[in-house]
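See below for the structure under consideration.
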Amino acid sequence: MASPTVAANAYANLAKMMERGGAEKAASGPAGPSFSALLKDAVGSVMEVGKKSDAQTMAMASGKANVMDVVTAVAETDVAVSTLVSVRDKVIQAYEDIMKMPI
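Heads up, the sequence shown stops at 272 in this note's numbering, and the numbers go up one at a time, no gaps.
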């Protein structure tokens, strides 16, 4: 289970992504960032966290990293992937709900 700190970091990263979207919206007028751009940023963020976790694990295997750093990196990756899966599930559910609507 993820610690409160890891969860708080995940929510802070999401808030930063949304702020960037809000800043782009204000600068470009009524049109905001596209949904695909937000998804790309989210997937990129998850990939970065995963790479950090992999690097920490490799450093631990070579004896150069602290166990706590590895555990923290793996927990952050777990939270990021869980968040991404939850968002994916909600998008799929929304799509299915839209497809069930009568025309």
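All residues carry an ideal CB built from backbone N, CA and C; glycine is no exception.
Report yes if the CB atom of Ala242 is closer than 7 Å to the CB atom of Ser222, and no otherwise. Here residue 242 refers to the residue found at position 73 when the sequence shown is read from its first residue. Here residue 222 refers to the residue found at position 53 when the sequence shown is read from its first residue. A contact, by the Cβ cut-off of 7 Å.
Hey, could you find the ends of the alpha helix (DSSP H) Met268 is sitting in? Position 99 of the sequence shown holds residue 268. From DSSP, the alpha helix (DSSP H) with Met268 extends over 236-269.
Measuring CB atoms only, is the stretch 206-220 touching the stretch 252-269, in the sense that at least three cross pairs come out at less than 8 Å? Yes: at least three Cβ pairs fall under 8 Å.
Residue span of the alpha helix (DSSP H) that contains Ser203, given as start and end: For this step, residue 203 is matched to residue 34 along the sequence shown. Here Ser203 belongs to no alpha helix (DSSP H), and DSSP marks it neither H nor E.
Is it right to say Gln225 is buried, meaning 16 or more other beta carbons lie within 10 angstroms of its own, or is it exposed? Counted from its first residue, the sequence shown places residue 225 at position 56. In this structure Gln225 is buried. Its beta-carbon is surrounded by 16 or more other beta-carbon atoms within 10 angstroms.
Return the chain-ordered list of same chain residues with a C-beta closer than 6 Å to the C-beta of Gly219, the five sequence neighbours on each side being excluded. As a working mapping, residue 219 is identified with position 50 in the sequence shown. The residues are Thr246.
Among Ser203, Gly201, Glu217, which residue has its Cα nearest to the Cα of Asn182? Mapped onto the sequence shown, residue 182 falls at position 13. Answer by Cα proximity: Glu217.
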